[in-house]
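Here is the structure we will look at, set down as structure tokens.
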Ligand SMILES: Nc1ncnc2c1ncn2[C@@H]1O[C@H](COP(=O)(O)OP(=O)(O)O)[C@@H](O)[C@H]1O
Ligand SMILES: [Mg+2]
């Protein structure tokens, strides 16, 4: 099933009389359970694409369909609600709240809902990611890899259809990076979640279904892995 | 856990503990503001209270003086008869003569003192020592005079060269009353050679009655020329109470300035905090927090700061109130009177409101930041 279908995406920025194309016409579709990586040099538009796919940003031109629904022209409040329901985010710098414990950080997206089941689910997710003994630790008591696992658990708390990860291994050594990619692979397979990860790391090719190369806001050659 | 029922409060509370010192200093401003408003308010109340306590019951008294502005130096028997006609049947009317005489106590040098001549002092005064009536000779002395010169019933004073026996020492009077005898020497009116009177005291049963009588006397005696001045203590009391009200309002206004300063410091702290937490707030927005959710979390922080400062302020204010009332009224427990509760309550409310209002702008700023921009760093 196609989770996201983006057609003809263009993102223009006007800065001081000059027009800059961060995205210059991109088609991108994502099936559920698919693990896709986006690679490309710095400034090629990777983050911009990810933000548009994740309803954080809107394209200047083009359309985005989320589970068949056109979400291109939606306002901030509706996009925010859809993010909460169907999308998970993982960031390079983890962005955990330093004042909250691991479990509380995982609960954050649903914290205002006051649903008692959320805490149980947060624990289960952390245990599944191998952090059963770190549930009540604050972020500064965790290693980089552990922090990113907490962040992954947080991205899964709302049972999303898509997880978008912007350079999730960028701040980790290659061994820890592998473990994180391993987790993504498992999540895509076990939970049927579509995952898009931006990365510089060639290692990623061992784990993903396909890699999209971005150059100056356009899609370069695409390589499919296996089948 | 409180966080389960009020998750925004959990986040807000944790965020405040992150920068403990800064939060403490910010709410210290609120503490000072609340204490300033509450204790200045309570100070005003205590002043007013001790004033009314001292005033006692003088609202029903009138004093009629000859109008020196019209060159009238004394009131005649006819004036007195007119005054008696204008008063109600139950009123006490005491005409008073005065003369200035050299008086010496305990054979010391004579000082010139005013001697008051009252016909029936028992209608006005009670004795602390000795007896007021019958009063045909001798002198009655006020408590201050007696204390200063160590006079008791039976003591001798010398008035204009003649030895006079003290009959009684009088009870203290109301400090604001014109009949107050504390500093006076009183002798029988019959001992006075002049015929005119220098003032007349009228004591009615109620303040309203006193007011009517005053108008009656003015109407009867100031018809053709302004013969008399009628002083009503009741209206004086009203005027003074109004003054107190103004003073209280001004004091509370001055104290509010400290809350303004506190508000600015909270604004500053919250702005710093939104700048430092830009990415965190961006993440909250990314994972599905609506603008109003962010607003809620941030305002919750401001509210907590306000409550923290407000509660500490109320506790300190009660302490200050105990001290104020102990010294101004002589009864520390007088702090638990209704007007004080009003001031403390108002101070607390203003403290919390100030905090919330100061948090509005930073919260709005945090909420309206585009998550894309916040996360790009
Ligand atoms: N808010 C913005 N204003 C102007 N230019 C921007 C803005 N955001 C991104 N860009 C530009 O768009 C291009 C793509 O940026 P980005 O998607 O962040 O690239 P990548 O993530 O691949 O490094 C860059 O040239 C960047 O400078
Ligand atoms: Mg980027």
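Residue numbers (UniProt numbering), protein chains in the order written: chain P, 1 to 227; chain F, 1 to 377. Where a beta carbon is used, it is the ideal one built from N, C-alpha and C, also for glycine.
For residue 118 of chain F, the closest C-alpha among the options F/272, F/284, F/188 is that of F/188. The straight-line gap separating the alpha-carbon atoms of residue 94 of chain F and residue 200 of chain F is approximately 6 Å. Residue contact with chain F for residue 21 of chain P: absent (no Cβ-Cβ distance below 9 Å to any residue of chain F).
Contact note: residue 294 of chain F does not reach chain P at a C-beta cutoff of 9 Å; the least C-beta distance is about 10 Å. Setting aside the 5 residues that flank it on each side, residue 132 of chain F is surrounded in the same chain by 121, 122, 125, 126, 140, 167, 168, 170, each with a C-beta closer than 8 Å to its C-beta; the list follows chain order. Checking the DSSP bridge columns, you'll see residue 365 of chain F has no partner listed.
Here DSSP, grouped into helix, strand and coil, assigns residue 50 of chain F to helix. Counted as a single uninterrupted DSSP element, the beta strand (DSSP E) harbouring residue 94 of chain F occupies residues 92-105. Residue 67 of chain P sits in coil when the DSSP states are folded into three classes, being neither helix nor strand. Ranked by Cα distance from residue 153 of chain F, the options F/160, F/162, F/161, F/143 are led by F/143.
For residue 277 of chain F, the number of other beta carbons within 10 angstroms of its own is at least 16, and it is reported as buried. Scanning chain P for C-beta atoms nearer than 7 Å to the C-beta of residue 286 of chain F yields 56, 83, 89, reported in chain order.
Residue 35 of chain P has P/195 as its beta-bridge partners, per DSSP.
Nearest Cα to residue 232 of chain F within the set F/225, F/248, F/243, F/206: F/206.
Annotation: the continuous beta strand (DSSP E) that includes residue 88 of chain P extends over 87-91. Taking a C-beta distance under 9 Å as the contact criterion, residue 134 of chain P and residue 142 of chain P qualify as a contact pair. Burial is judged here by how many other beta carbons sit within 10 angstroms of a residue's own beta carbon; residue 79 of chain P has at least 16 and is buried. Annotated three-state conformation of residue 354 of chain F is helix, per DSSP. By the neighbour-count criterion, in which a residue is buried when 16 or more other Cβ atoms sit within 10 angstroms of its Cβ, residue 184 of chain F is buried.
Buried is the label assigned to residue 83 of chain P, since at least 16 other Cβ atoms lie within 10 Å of its Cβ. Secondary-structure assignment with DSSP links residue 24 of chain P through a beta bridge to P/10. Inter-residue distance for residue 267 of chain F and residue 26 of chain P is about 44 Å (C-alpha atoms, whole angstroms). Ranked by Cα distance from residue 172 of chain P, the first of P/214, P/203, P/189, P/127 is P/203.
Contact between the region 322-332 of chain F and the region 296-305 of chain F is absent, with fewer than three C-beta pairs closer than 8 Å. Residue 210 of chain F and residue 61 of chain F do touch by the CB rule: their CB atoms are close to 7 Å apart, below 8 Å. By the neighbour-count criterion, in which 16 or more other beta carbons inside 10 Å mark a residue as buried, residue 173 of chain F falls on the buried side. Taking 8 Å as the cut-off, one finds at least one heavy atom of ligand 2 near enough to the beta carbon of residue 166 of chain P. Ranking F/273, F/11, F/262 by CA distance to the CA of residue 30 of chain F puts F/262 first. At a C-beta separation below 9 Å, residue 95 of chain P has these neighbours in chain F: 279, 280, 282, 283, 286, 375.
Using a Cβ-Cβ cut-off of 8 Å, residue 199 of chain P is close to nothing in chain F; its nearest Cβ partner there is about 17 Å away. Within the chosen limit of 8 Å, ligand 1 does not reach the beta carbon of residue 64 of chain P with any heavy atom. In the DSSP assignment, the residues bridged to residue 188 of chain F are F/118.
What residue 51 of chain P touches in chain F, judged by beta-carbon distance under 7 Å, is 372, going in chain order.
Short of 7 Å from the beta carbon of residue 230 of chain F, and not among the five residues preceding or following it, lie these beta carbons of its own chain, in chain order: 62, 64, 214, 217, 218.
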